[in-house]
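To keep things clear, I will list the structure first and then write my remarks on it.
2 protein chains.
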Amino acid sequence: MDSVRKVKVEKKILIANEEYACKNRDFLAKRKIPCLNVISSPGSGKTTILARTIRELRGKIRIGVIEGDVRTDIDAQRIRTTGAPAIQINTDGACHLSAAQVGDVLQKLPVDELDLIFIENVGNLVCPSAFDLGETAKVAVVSIPEGDDKPAKYPALFARAQALLVNKVDLLGVVDFDMDRAGADALKLNRNIRIFPISAKTGVGMSRWYDWLEALTNRRGR
Amino acid sequence: MDSVRKVKVEKKILIANEEYACKNRDFLAKRKIPCLNVISSPGSGKTTILARTIRELRGKIRIGVIEGDVRTDIDAQRIRTTGAPAIQINTDGACHLSAAQVGDVLQKLPVDELDLIFIENVGNLVCPSAFDLGETAKVAVVSIPEGDDKPAKYPALFARAQALLVNKVDLLGVVDFDMDRAGADALKLNRNIRIFPISAKTGVGMSRWYDWLEALTNRRGR
Numbered sequence: 001m002d003s004v005r006k007v008k009v010e011k012k013i014l015i016a017n018e019e020y021a022c023k024n025r026d027f028l029a030k031r032k033i034p035c036l037n038v039i040s041s042p043g044s045g046k047t048t049i050l051a052r053t054i055r056e057l058r059g060k061i062r063i064g065v066i067e068g069d070v071r072t073d074i075d076a077q078r079i080r081t082t083g084a085p086a087i088q089i090n091t092d093g094a095c096h097l098s099a100a101q102v103g104d105v106l107q108k109l110p111v112d113e114l115d116l117i118f119i120e121n122v123g124n125l126v127c128p129s130a131f132d133l134g135e136t137a138k139v140a141v142v143s144i145p146e147g148d149d150k151p152a153k154y155p156a157l158f159a160r161a162q163a164l165l166v167n168k169v170d171l172l173g174v175v176d177f178d179m180d181r182a183g184a185d186a187l188k189l190n191r192n193i194r195i196f197p198i199s200a201k202t203g204v205g206m207s208r209w210y211d212w213l214e215a216l217t218n219r220r221g222r
Numbered sequence: 223m224d225s226v227r228k229v230k231v232e233k234k235i236l237i238a239n240e241e242y243a244c245k246n247r248d249f250l251a252k253r254k255i256p257c258l259n260v261i262s263s264p265g266s267g268k269t270t271i272l273a274r275t276i277r278e279l280r281g282k283i284r285i286g287v288i289e290g291d292v293r294t295d296i297d298a299q300r301i302r303t304t305g306a307p308a309i310q311i312n313t314d315g316a317c318h319l320s321a322a323q324v325g326d327v328l329q330k331l332p333v334d335e336l337d338l339i340f341i342e343n344v345g346n347l348v349c350p351s352a353f354d355l356g357e358t359a360k361v362a363v364v365s366i367p368e369g370d371d372k373p374a375k376y377p378a379l380f381a382r383a384q385a386l387l388v389n390k391v392d393l394l395g396v397v398d399f400d401m402d403r404a405g406a407d408a409l410k411l412n413r414n415i416r417i418f419p420i421s422a423k424t425g426v427g428m429s430r431w432y433d434w435l436e437a438l439t440n441r442r443g444r
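In the order they appear, the protein sequences are chains A and B. With the numbering used here, the residue at position 151 of the first sequence is 151, and numbering never jumps. With the numbering used here, the residue at position 122 of the second sequence is 344, and numbering never jumps.
Below you can see the structure in the form of structure tokens.
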């Protein structure tokens, strides 16, 4: 297959995805529920971040989670231990969630009892950023052991995300990571990105992230 | 675009890729040079592993590197500081290297002066494993901070790789990681996979990996 044809096909796939994304966006807008599409490499700590966030915001923000994984429901099980509703999507090999997959399960969440929905995408720093799921905003996660060059090397996500969580700051000093470099590279791609250095393990830095989430849910007039 | 049509298109892309992969495999076989396709999440330490391997095998195995990244030539620059030849491919957004891209640059390496070629794929635990580059074998890398559930959650790579480097063992005890679980899950997918717990930072465990590389280059009768 020549590359012109391949590009045309990719464009069609993205256009079809966009139609489903619009439906999801309408569904969420009618219910005034913000929805965050959380994207990162495998193992950067997405599930740990979500589990801690759910626990520490209990009584303030009611959170539901859609979990995307190639295989297993390990992550949904971890989320359910917090008491929050979680639905697992298995992509069975595919490298990102599609808007159609999210649309299929969105109604299975008790949406009328929620203030915020997180979608935890498949662990992948490249592909998921190209697929709109109808989310309110994308949230990028990068962790200290991955190295400070990730925004420069994988720019698409950081250019599109509204927030960047730099997780595992408890490992600063144990492994090399120049926070100024990572932050500057992210801001060069996207001068509006909000950067939160955090440790979902120790809790350091999480309160600013929670403030951002509260502002997001309040903006929606709930 | 309906999903049946999408699957057909994906199949065509894979078939086209396979033709280029065969050409690469012929090119390498004629010159009796083994070639390893190194695949992992972003930030698991691929480049650090390759740089240390090149330095420590100097005088024994002459190594050349093809670097794949979405953007920047940071990795090729790091490899060149070892004195080894390195060629950077930028995929400009794409999430994996294709056999055609590798074929384009393979002849730019001084192949007649090399005993082994590493291809460092785009940091991505999902997509690259589906695309044969004509390599002799795939090598998976997973690092301790990513967590021990990665073989279970991203099975395709581990099912196809001949070797698994479990990197950053210097962080065992600092972060949670059950080596037995990760190893058992990988072996369940692929009972022939060779597992090497290593630290490319401290050098721990690297000698067994070097023995494996030496056996690989010797098998080829060089």
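We treat Cβ as the ideally placed atom computed from N, Cα and C, and that holds for glycine. Source: prediction; values computed, not measured.
Using a beta-carbon distance below 8 Å, is residue i in contact with chain B?
| i | result |
| --- | --- |
| D180(A) | no |
| K246(A) | No statement about residue 246(A) is possible, as the shown extent of chain A runs from 1 to 222 and does not include it. |
| R222(A) | At R222(A), the pLDDT of 44 sits below 50, so the modelled position is not reliable; the number obtained from the coordinates is stated separately. It does not; no Cβ of chain B falls within 8 Å. |
| P34(A) | no |
| K188(A) | no |
| I74(A) | yes |
| K46(A) | no |
| V102(A) | no |
Is residue i helix, strand or coil when you go by DSSP?
| i | result |
| --- | --- |
| L213(A) | helix |
| L36(A) | strand |
| D26(A) | helix |
| R441(B) | helix |
| R416(B) | strand |
| K230(B) | helix |
| K188(A) | helix |
| A21(A) | helix |
| R31(A) | coil |
| A238(B) | helix |
| S207(A) | helix |
Here's a check: name, in chain order, each residue in its chain whose Cβ is nearer than 7 Å to the Cβ of residue i, leaving out the five neighbours to either side.
| i | result |
| --- | --- |
| E146(A) | S41, S44 |
| R25(A) | G134 |
Using a Cβ cut-off of 8 Å (strictly closer), state whether residue i contacts chain A.
| i | result |
| --- | --- |
| S263(B) | yes |
| N246(B) | no |
| V344(B) | yes |
| P367(B) | yes |
| V229(B) | no |
| I420(B) | no |
| R293(B) | yes |
| G425(B) | no |
With a CB to CB cut of under 6 Å and the five nearest residues on each side skipped, what residues in its chain are close to residue i?
| i | result |
| --- | --- |
| Q88(A) | E67, D73, A76 |
To the nearest angstrom, how far is it from the Cα of residue i to the Cα of residue j?
| i | j | result |
| --- | --- | --- |
| C317(B) | C127(A) | 6 Å |
| L180(B) | L379(B) | Given a span of 223 to 444 for chain B in the structure shown, any question on residue 180(B) remains unanswerable. |
| L386(B) | V361(B) | 6 Å |
| R222(A) | K32(A) | Per-residue confidence for R222(A) stands at a pLDDT of 44, beneath the threshold of 50, marking its modelled position as unreliable; no derived number is given. |
| W431(B) | F418(B) | 6 Å |
| R403(B) | R416(B) | 15 Å |
| S320(B) | L355(B) | 6 Å |
| I301(B) | V142(A) | 24 Å |
| A383(B) | L411(B) | 10 Å |
| L14(A) | V396(B) | 42 Å |
| A159(A) | F131(A) | 14 Å |
| P225(A) | N259(B) | Because chain A here runs from 1 to 222, residue 225(A) falls outside it and cannot be looked at. |
| E10(A) | D407(B) | 34 Å |
| V154(A) | V292(B) | The sequence given here places Tyr at residue 154(A); Val does not occur at that position. Each residue's alpha carbon lies about 6 Å from the other. |
Within the same chain, show all residues whose beta-carbon is closer than 8 Å to that of residue i, passing over the 5 residues directly before and after it, in chain order.
| i | result |
| --- | --- |
| K230(B) | none |
| I261(B) | N343, N346, L347, P350, S351, K360, V361, A362, V363, L379, A383 |
| N226(A) | The structure shown has nothing for residue 226(A), since chain A only spans 1 to 222. |
So with Cβ pairs under 8 Å, would you call residue i a contact of chain E?
| i | result |
| --- | --- |
| A86(A) | Looking at the structure shown, chain E is missing, and the protein chains on hand are A and B. |
Looking at residue i and the ligand NAP, is the gap between the Cβ and the nearest heavy atom below 7 Å?
| i | result |
| --- | --- |
| I311(B) | Although the ligand NAP was asked about, the structure shown includes no ligands whatsoever. |
Taking only runs of the alpha helix (DSSP H) that begin and end inside the segment 127 to 183 of chain A, which ones reach a length of at least 4 residues, in chain order?
-> 150 to 153, 155 to 160
Go through the segment 258 to 320 of chain B residue by residue and report every complete run of the alpha helix (DSSP H) that reaches 4 residues or more, in order.
-> 268 to 278, 296 to 302
Taking the runs of the beta strand (DSSP E) that are 3 residues or longer, which of them lie wholly in the segment 319 to 348 of chain B?
-> If one requires a minimum length of 3 residues, the beta strand (DSSP E) runs lying completely within the segment 319 to 348 of chain B are 338 to 342, in chain order.
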